[in-house]
Amino acid sequence: MKKLASFVVDYWVYVLKGGVKFYAWLGFLSLFLIGWAYGNFMQLSQGMIVTGLSDQVSWGLYLANFVFLVGVAAGAVTVVFPAYVYKHKGLHEVTVLGEMVAIAAVVMCMLFVLNHMGRPDRLWHMLPFIGIYNWPGSMLTWDVIVLVGYLILNVIGGFYFLYKKYAQEPLDKGFYMPVIYIAIVWALSIHTVTAFLINTMPARPMWHHGMMPIRFITTAFAAGPSLIIIVFTIVRTNTKFWIRDEALDMLAQIVIWCLGIALFLTLSEVVTEFYHPTEHSLGLQYLMFGHNGLTGLVPWFWFSMVAMVVSFILLLIPSVRKNYRRLPYVCALAFVGIWVEKGMGLLIPGSIPTPIGEFTEYSPSIVEIFNSLGNWAIGFIVLTLLLKGAIGVLLGEVKYASE
Amino acid sequence: MARYGMVFDLRRCIGCNACVVGCKQENTLPDGVFFTRTLSEEYGVFPAVNRVYIPTLCNHCEDAPCEKVCPSGATYTREDGIVMVDADKCIGCGSCAVACPYDQRTELSKDLFTQGLFGEGELTPFEEQGYSRFTPGMVTKCDFCSGRVDAGLDPACVVTCPTDARIFGDLDDPDSKASRLIRERGGRPPLPEKNTSPKVFYVD
Numbered sequence: 005m006k007k008l009a010s011f012v013v014d015y016w017v018y019v020l021k022g023g024v025k026f027y028a029w030l031g032f033l034s035l036f037l038i039g040w041a042y043g044n045f046m047q048l049s050q051g052m053i054v055t056g057l058s059d060q061v062s063w064g065l066y067l068a069n070f071v072f073l074v075g076v077a078a079g080a081v082t083v084v085f086p087a088y089v090y091k092h093k094g095l096h097e098v099t100v101l102g103e104m105v106a107i108a109a110v111v112m113c114m115l116f117v118l119n120h121m122g123r124p125d126r127l128w129h130m131l132p133f134i135g136i137y138n139w140p141g142s143m144l145t146w147d148v149i150v151l152v153g154y155l156i157l158n159v160i161g162g163f164y165f166l167y168k169k170y171a172q173e174p175l176d177k178g179f180y181m182p183v184i185y186i187a188i189v190w191a192l193s194i195h196t197v198t199a200f201l202i203n204t205m206p207a208r209p210m211w212h213h214g215m216m217p218i219r220f221i222t223t224a225f226a227a228g229p230s231l232i233i234i235v236f237t238i239v240r241t242n243t244k245f246w247i248r249d250e251a252l253d254m255l256a257q258i259v260i261w262c263l264g265i266a267l268f269l270t271l272s273e274v275v276t277e278f279y280h281p282t283e284h285s286l287g288l289q290y291l292m293f294g295h296n297g298l299t300g301l302v303p304w305f306w307f308s309m310v311a312m313v314v315s316f317i318l319l320l321i322p323s324v325r326k327n328y329r330r331l332p333y334v335c336a337l338a339f340v341g342i343w344v345e346k347g348m349g350l351l352i353p354g355s356i357p358t359p360i361g362e363f364t365e366y367s368p369s370i371v372e373i374f375n376s377l378g379n380w381a382i383g384f385i386v387l388t389l390l391l392k393g394a395i396g397v398l399l400g401e402v403k404y405a406s407e
Numbered sequence: 006m007a008r009y010g011m012v013f014d015l016r017r018c019i020g021c022n023a024c025v026v027g028c029k030q031e032n033t034l035p036d037g038v039f040f041t042r043t044l045s046e047e048y049g050v051f052p053a054v055n056r057v058y059i060p061t062l063c064n065h066c067e068d069a070p071c072e073k074v075c076p077s078g079a080t081y082t083r084e085d086g087i088v089m090v091d092a093d094k095c096i097g098c099g100s101c102a103v104a105c106p107y108d109q110r111t112e113l114s115k116d117l118f119t120q121g122l123f124g125e126g127e128l129t130p131f132e133e134q135g136y137s138r139f140t141p142g143m144v145t146k147c148d149f150c151s152g153r154v155d156a157g158l159d160p161a162c163v164v165t166c167p168t169d170a171r172i173f174g175d176l177d178d179p180d181s182k183a184s185r186l187i188r189e190r191g192g193r194p195p196l197p198e199k200n201t202s203p204k205v206f207y208v209d
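Residue numbers (this note's numbering), protein chains in the order written: chain A, 5 to 407; chain B, 6 to 209.
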């Protein structure tokens, strides 16, 4: 018990101490919290009217970010899976960093869901047993279970590993390995259930097909490792902690595979919908080409397509993929492309046209943008602090009785 | 137990929107919120063109997608088949709005109840008494004027209709006017392919 208390203290003391760069980065992120505070104040005092949402398009930027970030959280398994199932050495050393990315992503997911709620004061209804919980009927209740479960698994897996490392004790494999294997399967479940959230609605033909879950998983396993490659590159150039080239290379290969499959699935969908279009194709038509001069989403769609295709082609070229200076930029392009594809390219056109054929355009309001930027900033602050602590423990700079 | 439903006689509807006004008045609906709407559509090729009016409201589906997706169980079906929203349970997630194939859900924002219809933040006494019944932040819809139905009255839109184009009644009672119309004139539910078993039917 004493050891655990000193772990908590030592961990936080280490995390909060840093150089100029560290504080500058946190300070920069904190700037977004000003807009975030303003946005939340506006939204809590005046209601959802300050967002760009309407009865026709009632899921917007917040849930788009949520859906994307669930993917990023699930994508962390691309570090854990090769490390433990294929005994990949480079990734095995940094598993815990992947888990930290997952924790930060789930935290952001929760912030976005909270922002989306018309009655955030009734969040407690979403707690099993305590609130009124329409389980198993409502897909949203399943999503709460899998997301909270994933957060708990990663917190347990990550911090148990760090604590044992700190205490310089061997891991209890009988406890640790089951947590890891459950977390691997669980990662698939979080994005599957999030896909089920939207593809179980016959009212929205654009979402209502069986390809949705696998499309979610492939984009997740492209976006997640893309972010992790960027994070790993920053870590190895700015800290004493070295992450091997093999680790980055493995992740880059996962990105290529999954991005390629994702593009293939998008192509399949376009062919299916356009070969002989019916009214069910209207959402995709509006997204790709607009409708009677309403073209709000067209640039977003083509931007995401270009970003995904270009990053895919670039990653195929070994001289780009193996150049670890260029790789993060290509990954950033893929990351942004998938972010647009999941959000403006999937969630919004599901509601346009509405089932009765109305075309209502949606663009996020300034409050939504402030809140979203703020949520991302909080996520990155959490990620920075988690990574700093984890790296400290891995380097042995934080260890029991070190003073 | 009754199983309430509604029939729209499209031959009779003249698109006057009296039902819409009657509904807004009965329920004190704030600016921009409608529980019933009358759509209109032109059809045919010139010179043989015509216009049809299609009244719409919540279809109180037997297999309601909004009820299925609701995470807090706020949406429920009464024994008499009326689909209701419990204002105390709704968390305002908007799942029902996305799941409803008929676009019949509406989210009540806070400022709707402070602005007032005439703006400048002043509520009329009529608005004041009515708005207290609403919970801002929740997602709501038509409830067939459940209070009136409990009192043995027809919904407000039905009594307002000048041409008797809206017929409310017990679909389980084969002798009710609604059941008879559906049977004799081939009542069709809206978007049957959505498989929601609506309790609202159209005859023409």
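Note that CB positions come from ideal geometry on N, CA and C, so glycine has one too.
{"Check": "What do you reckon, are the CB atoms on R325 of chain A and A256 of chain A nearer than 8 Å?", "Outcome": "yes"}
{"Check": "Starting from R56 of chain B, trace the beta strand (DSSP E) both ways and give me its first and last residue.", "Outcome": "53-62"}
{"Check": "How would you call E127 of chain B, buried or exposed, if buried means at least 16 neighbouring beta carbons within 10 angstroms?", "Outcome": "exposed"}
{"Check": "For P359 of chain A, decide whether its Cβ has a neighbour in chain B, counting only Cβ atoms nearer than 8 Å.", "Outcome": "yes"}
{"Check": "Is it buried or exposed, V54 of chain B, if we count other Cβ atoms within 10 angstroms and call 16 or more buried?", "Outcome": "exposed"}
{"Check": "Would you call I352 of chain A buried or exposed, if buried means 16 or more other Cβ atoms sit within 10 Å of its Cβ?", "Outcome": "buried"}
{"Check": "To be precise: take each residue of the stretch 22-43 of chain A, compare its Cβ to all Cβ atoms of chain B, and keep it if any distance is under 8 Å. Which residues remain?", "Outcome": "none"}
{"Check": "Just reading off the beta strand (DSSP E) that E47 of chain B is part of, what are its end residues?", "Outcome": "41-50"}
{"Check": "Is the Cβ of V103 of chain B closer than 8 Å to any Cβ of chain A?", "Outcome": "yes"}
{"Check": "Tell me the DSSP secondary structure of V61 of chain A in three-state form.", "Outcome": "coil"}
{"Check": "How many angstroms separate the CA atom of L166 of chain A from the CA atom of L8 of chain A?", "Outcome": "11 Å"}
{"Check": "Which residue or residues does DSSP assign as beta-bridge partners of D14 of chain B?", "Outcome": "B:V208"}
{"Check": "What is the DSSP secondary structure of L176 of chain B, counted as helix, strand or coil?", "Outcome": "coil"}
{"Check": "Considering only C-alpha positions, which residue in the set B:F13, B:E112, B:C21, B:P194 is nearest to S58 of chain A?", "Outcome": "B:E112"}
{"Check": "Just to confirm, are V26 of chain B and L186 of chain B a CB contact at a threshold of 8 Å?", "Outcome": "no"}
{"Check": "G300 of chain A versus chain B: which residues are under 9 Å apart at the beta carbon?", "Outcome": "Simply none; closest approach about 19 Å."}
{"Check": "When you compare only the Cα positions, how much space is there between G99 of chain B and H195 of chain A?", "Outcome": "20 Å"}
{"Check": "When the Cα of A109 of chain A is compared with those of A:I232, A:Y290, A:L318, A:N242, which residue comes out closest?", "Outcome": "A:I232"}
{"Check": "Using the three-state DSSP reduction, which class does H96 of chain A fall into: helix, strand or coil?", "Outcome": "helix"}
{"Check": "With a 10 Å radius around its C-beta and 16 neighbouring C-beta atoms as the bar for buried, classify L20 of chain A as buried or exposed.", "Outcome": "exposed"}
{"Check": "Check the Cβ-Cβ distances between K182 of chain B and every residue of chain A, and say whether any is below 8 Å.", "Outcome": "no"}
{"Check": "Within the 8 Å Cβ cut-off, does S45 of chain B reach chain A?", "Outcome": "no"}
{"Check": "Chain A beta carbons: is any one of them nearer than 8 Å to that of D85 of chain B?", "Outcome": "no"}
{"Check": "The alpha helix (DSSP H) spanning M89 of chain B covers which residue range?", "Outcome": "Unbroken run through M89 of chain B is the beta strand (DSSP E), 88-90; no alpha helix (DSSP H)."}
{"Check": "With respect to the beta strand (DSSP E) encompassing T129 of chain B, which residues constitute its N-terminal and C-terminal limits?", "Outcome": "Looking at the DSSP string, T129 of chain B is not in any beta strand (DSSP E), and its letter there is neither H nor E."}
{"Check": "Does DSSP put L298 of chain A in a helix, a strand or coil?", "Outcome": "strand"}
{"Check": "Could you tell me whether the Cβ of P206 of chain A comes closer than 8 Å to any Cβ of chain B?", "Outcome": "yes"}
{"Check": "Below 8 Å on the Cβ atoms is my guess for C147 of chain B versus L15 of chain B; work out the distance and round it to an integer in Å.", "Outcome": "Actually they are not in contact, since the Cβ atoms of C147 of chain B and L15 of chain B sit about 19 Å apart, beyond 8 Å."}
{"Check": "For the stretch 128-157 of chain B, which residues have a beta carbon sitting closer than 9 Å to at least one beta carbon of chain A?", "Outcome": "T140, P141, G142, M143, V144"}
{"Check": "When burial is assigned at 16 or more other CB atoms within 10 Å of the CB, is G43 of chain A buried or exposed?", "Outcome": "buried"}
{"Check": "Going by beta carbon distance, what residues of the same chain come within less than 6 Å of I221 of chain A, once the five residues before and after it are set aside?", "Outcome": "H195"}
{"Check": "Hey, would you say I260 of chain A sits closer than 8 Å to D108 of chain B, going by beta carbons?", "Outcome": "no"}
{"Check": "Taking 8 Å as the CB-CB limit, is E67 of chain B close to chain A?", "Outcome": "no"}
{"Check": "Starting from the C-beta of Y66 of chain A, find all residues in its chain whose C-beta is less than 6 Å away, skip the five residues before and the five after it, and write them out in chain order.", "Outcome": "F116, N119, H120"}
{"Check": "Taking K94 of chain B as the query, report the chain A residues whose CB atoms sit under 8 Å from its CB, ordered along the chain.", "Outcome": "R126, H129, I136"}
{"Check": "For V17 of chain A and T145 of chain A, I'd like the C-alpha separation in whole angstroms.", "Outcome": "38 Å"}
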